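Residue numbers (full-length UniProt numbering), protein chains in the order written: chain Z, 1 to 162; chain R, 1 to 162; chain P, 1 to 162; chain S, 1 to 162; chain L, 1 to 162; chain H, 1 to 162.
Where is the CB? At the ideal position from N, CA and C, for every residue including glycine.
Every value quoted in this text rests on a predicted model; they were computed, and no experiment measured them.
The structure appears right after this line, and notes come after that.
6 protein chains.
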Amino acid sequence: MLTHMDEKGRARMVEVGHKEETKRVAVARGSIQMDTVTLERIQEGKIAKGDVLAVAQVAGIMGAKKTSDLIPMCHNIFITGVDMDFIIDIPNNKIHIEAAVKTTGKTGVEMEALQAVSIAALTIYDMCKAIDKNMVISDIRLVKKTGGKSGIYMREGEAIDG
Amino acid sequence: MLTHMDEKGRARMVEVGHKEETKRVAVARGSIQMDTVTLERIQEGKIAKGDVLAVAQVAGIMGAKKTSDLIPMCHNIFITGVDMDFIIDIPNNKIHIEAAVKTTGKTGVEMEALQAVSIAALTIYDMCKAIDKNMVISDIRLVKKTGGKSGIYMREGEAIDG
Amino acid sequence: MLTHMDEKGRARMVEVGHKEETKRVAVARGSIQMDTVTLERIQEGKIAKGDVLAVAQVAGIMGAKKTSDLIPMCHNIFITGVDMDFIIDIPNNKIHIEAAVKTTGKTGVEMEALQAVSIAALTIYDMCKAIDKNMVISDIRLVKKTGGKSGIYMREGEAIDG
Amino acid sequence: MLTHMDEKGRARMVEVGHKEETKRVAVARGSIQMDTVTLERIQEGKIAKGDVLAVAQVAGIMGAKKTSDLIPMCHNIFITGVDMDFIIDIPNNKIHIEAAVKTTGKTGVEMEALQAVSIAALTIYDMCKAIDKNMVISDIRLVKKTGGKSGIYMREGEAIDG
Amino acid sequence: MLTHMDEKGRARMVEVGHKEETKRVAVARGSIQMDTVTLERIQEGKIAKGDVLAVAQVAGIMGAKKTSDLIPMCHNIFITGVDMDFIIDIPNNKIHIEAAVKTTGKTGVEMEALQAVSIAALTIYDMCKAIDKNMVISDIRLVKKTGGKSGIYMREGEAIDG
Amino acid sequence: MLTHMDEKGRARMVEVGHKEETKRVAVARGSIQMDTVTLERIQEGKIAKGDVLAVAQVAGIMGAKKTSDLIPMCHNIFITGVDMDFIIDIPNNKIHIEAAVKTTGKTGVEMEALQAVSIAALTIYDMCKAIDKNMVISDIRLVKKTGGKSGIYMREGEAIDG
């Protein structure tokens, strides 16, 4: 059963009071595809000190902290750390985005990691949309999750450090 | 040039005071892929009155209103209307999400439409993640944009009403 | 028909782009009932410079500005002014709360006025709950609405200035 | 003394650092009165899949999470669970709303429960106001509170499960 | 090294999961300078029950709770208490502002205390700007910090109670 | 009279519905003083691509958009543009911060400009506080304001472009 539904079939915020406080980590990834020219401008911008990815990184981290404000049934939790990384993939005209979120708490932080990736991707879109309206955000997914009763989740086929 | 960057290469919120107030519409789409079983549960849930998509719809609309709070260089604007739609695609194990956002103002609402789709997809993920951690959110893209100086944008290869 | 529902029966944020920008006012009222002793403490507090109602007034005004953030289908609008008033009603052990909200825009501000009254009442509850858990918030209602196509609404049986 | 006031009579956020972390539950209730016709439309809407109460439920749960953002002296806390329930009361032309909020923490969650009821009621008002401006929200009250030093509170004359 | 930067030189939210949960206090101060006339009006206002400082106090406390929402790399934490104080300094045409914030947690609350002082000062500015545009906010600083591994910090040359 | 006070001496959000919509600009400045070593680290960080000021710039712009959410009697408005600038002042061990905010609306944007400067300064403090607790934020002030009935304000003794 979808535990977010009560017996009447309505949504609820699932009780987690009985869950253990453990260290939990979630890693999510996604990508944004764009024109070659747009990707080059981002790279040039970076060299010239203007840095689309620096703004996206800040936006992703701040977005992670707002997850429970945006996702209705998501618990508000204390995030202990967030790391984001961007990889520019010239051959595929993509920027790959990764967010790793940590907590010590009663619920996992996969939504926070997915949210960080999603907001970072949308921020890149926003800052480049004047020159490219065809960008596509894809493959937003959980790649790793540790801590909690359900144990370790590793997405098949993903290269993951540590 | 990326207009979100000033001459020092730093980010700024681009001045739009000189732009005309016009009626503007933006339509964005995206999808979430999941296990057959998860998709079936969502459908059953709907029949039994519990409705993952009803929650996702509310979340998407509320998310659209918070766009400028999340995307750093995005202007806060008066949204005049939001419509969302979900199509369950059994053969492909996907739910397709569409958001249409309208405004009468000085800037477009493509970020609001993309944000609505993104938040709706993440809400579906959140409510189903207890039974499926392999879901993937993809193809978040602008499909149509009207109003403003740049005229009408229609994404190639998309079926769009109206 | 409930206009907040689309043809599939799902919620939407109703398009108001075609509506005229007019001056609009909404006045809402409500009350909170409490023990005689609690009411006396609030009054003493006021004399002694501590002022539960001053905090409630600030909370109500700030709450009005967050209405569209809280009520899912509510439009975000520019509020041009907010006035709040409190009347201590000793014979009935009540505090009556009134909020008048103004805008120049395409939608009415009744939700903002009702929200201001509601948040002010809850703030009073919060600040007095250590000594009184039996307080009851009641009669939150719209008493007056002007501006817009639907014209003037005056609730029957209410004494209203102006 | 009202503990929310310091010795100068000014408001403060009361220190709770010395309080024990215990499981705490608060249950609040309230109601909204409306025309028979409005109540029927809500019921029909539900049957036809459109569901005012589903939106109100989401809004109430999200509102509970924002309580400390709205009520000035309220502590921000980790909510472990929220359940909401609606009872349609045809003879009295009312919808009764109940919210049960749980936490494991240093402060009670009565404000969160009252906030959830209040926001749910306002959401119903918002979605029906086009056809009924006379709705009245009443009897927002705490009915049960457990956990913490002050022990169990049960409001007299209320039927409460568990 | 600035720990807010990762090895690529990008910003991150520093992991604090390994830190001990201890009682932590931070005290910050600042001041706002204004015309003699403005200061007199604030004092009169206070006597006449209108109270700029009461509004500033509420704003400062609410601002403290929003610190992690505003300061990008700041952790969201559970604040256990906030006290604010204002001293009117006639000879220097200043209002001195102090905020003391407490928590039991893994990170300090100096940012919350500094934020409270800053928002309180800006609120005073806002409420008086119609009669005085020359006000200056200065000397926002940490004066005391206890708890955590780094021990007690006391700013030199400050008179501090307790 | 302080217009933010009503006849009972309570705070209110002043009605601005009668004001003209004009182009309005506000420029604010402030500074943060720090140890020589801290200032050097920020500069090095910048060279090595890590950029405290890039984060502060994003925070300042996002903070400007939240002004009405933080300052109780402040109107929520449509900001048309924000520019921020930082000047590193080695001889005085300071970073000077400037924010220019523009709108087309019924109220000025001086609070938004002051808020942007304040949040940017606090962000610098947050990112450097691990190595320097003695930083002081000072001289937050309005330097220029144009548009609206009160005309042009230029602070005496300030060098201002344009």
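Item: Using only CA atoms, which one of A120(S), M111(S) and A130(S) lies nearest to E110(P)?; Value: A130(S)
Item: Suppose only complete runs of 4+ residues qualify. What are the alpha helix (DSSP H) ranges in the segment 84-142 of chain S, listed by chain order?; Value: 110-128
Item: I'd like to check one pair, G108(Z) with A26(Z): are the Cβ atoms closer than 7 Å?; Value: yes
Item: Which residues mark the beginning and the end of the alpha helix (DSSP H) in which S68(P) is found?; Value: T67 to L70
Item: Identify whether I42(H) lies in helix, strand or coil by the three-state DSSP scheme.; Value: helix
Item: Would you check if there are 3 or more beta carbon pairs closer than 8 Å linking the segment 26-43 of chain S to the segment 38-45 of chain P?; Value: no
Item: Measure the C-alpha to C-alpha separation of M154(L) and L122(Z) and round it to an integer number of angstroms.; Value: 43 Å
Item: Mapping DSSP to helix, strand and coil, what is A48(H)?; Value: Bear in mind that a pLDDT of 44 at A48(H), under 50, signals an unreliable position, so the model cannot answer this.
Item: Over the uninterrupted beta strand (DSSP E) stretch that includes I32(S), give me the two end residues.; Value: T22 to Q33
Item: Opposite M154(L) in the DSSP bridges: which residues?; Value: K144(L)
Item: Quick check on P72(S): buried or exposed, where buried means 16 or more other Cβ atoms within 10 Å of its Cβ?; Value: buried
Item: For A59(R), which of helix, strand or coil comes out of DSSP?; Value: helix
Item: Please name the residue or residues paired with I79(R) in a DSSP beta bridge.; Value: T103(R)
Item: Roughly how many whole angstroms lie between the Cα atoms of C128(P) and V52(P)?; Value: 9 Å
Item: Which residue from V14(S), G17(S), E21(S) and M13(S) puts its Cα closest to that of K102(S)?; Value: E21(S)
Item: Quick check on V37(S): does DSSP put it in helix, strand or coil?; Value: helix
Item: Touching or not, the segment 65-83 of chain H and the segment 78-90 of chain P, by the rule of three or more beta carbon pairs under 8 Å?; Value: yes
Item: Quick one: is M34(P) near chain A, going by C-beta distance under 7 Å?; Value: The question asks about chain A, but that chain is absent: this structure's protein chains are Z, R, P, S, L and H.
Item: For D139(H), which residues of its own chain have a beta-carbon under 6 Å away from its beta-carbon, when the five flanking residues on both sides are left out?; Value: G30 and S31
Item: By Cβ distance below 6 Å, which residues in the same chain neighbour T67(R) in space, the five residues on each side in sequence not counted?; Value: C74, M111, E112 and Q115
Item: Are there any heavy atoms of the ligand SAH lying less than 6 Å away from the beta-carbon of R12(R), as far as the coordinates show?; Value: As for the ligand SAH, it is missing from this structure, which has no ligand bound.
Item: Does any C-beta atom of chain H lie closer than 7 Å to the C-beta of T107(L)?; Value: no
Item: Mind pulling the chain Z residues with CB within less than 7 Å of Q57(R)?; Value: In chain order: nothing, as chain Z lies at least about 11 Å away.
Item: Anyone know if the C-beta pair for T104(H) and K23(H) falls short of 7 Å?; Value: yes
Item: Leaving out five residues before and five after A59(Z) in sequence, what residues of the same chain have Cβ atoms less than 7 Å from its Cβ?; Value: I119, A120 and T123
Item: What separation, rounded to the nearest whole angstrom, lies between the Cα atoms of A159(L) and N92(L)?; Value: 18 Å
Item: Along chain Z, which residues have their Cβ under 7 Å away from the Cβ of R24(R)?; Value: None at all; the shortest Cβ gap to chain Z is about 14 Å.
Item: If we cut at 7 Å on Cβ distances, does D6(P) have a partner in chain H?; Value: no
Item: Just to make sure I have the definition right: I need the residues of chain Z whose C-beta is within less than 9 Å of the C-beta of I61(S). Which are they?; Value: A11, R12, M13, P72 and M73
Item: Cβ closer than 7 Å: which chain R residues qualify as neighbours of E21(Z)?; Value: Under the 7 Å cutoff, chain R gives no residues; its nearest Cβ is about 19 Å from E21(Z).
Item: How would you label E98(L), buried or exposed, when you count the other beta carbons within 10 angstroms and need 16 or more for buried?; Value: buried
Item: Strictly below 7 Å CB to CB, what residues from chain S border D139(R)?; Value: Those do not exist, as D139(R) stays about 26 Å from chain S at its closest Cβ, beyond 7 Å.
Item: If we ignore side chains and look at the alpha-carbon of each, how far apart do K49(S) and M135(R) end up?; Value: Residue confidence for K49(S) is low, a pLDDT of 43 falling below 50, so the modelled location carries little weight; the figure read from the coordinates is stated next. Roughly 26 Å between the two C-alpha positions.
Item: Roughly how many angstroms lie between the CA atoms of K145(L) and F86(H), to the nearest whole one?; Value: 29 Å
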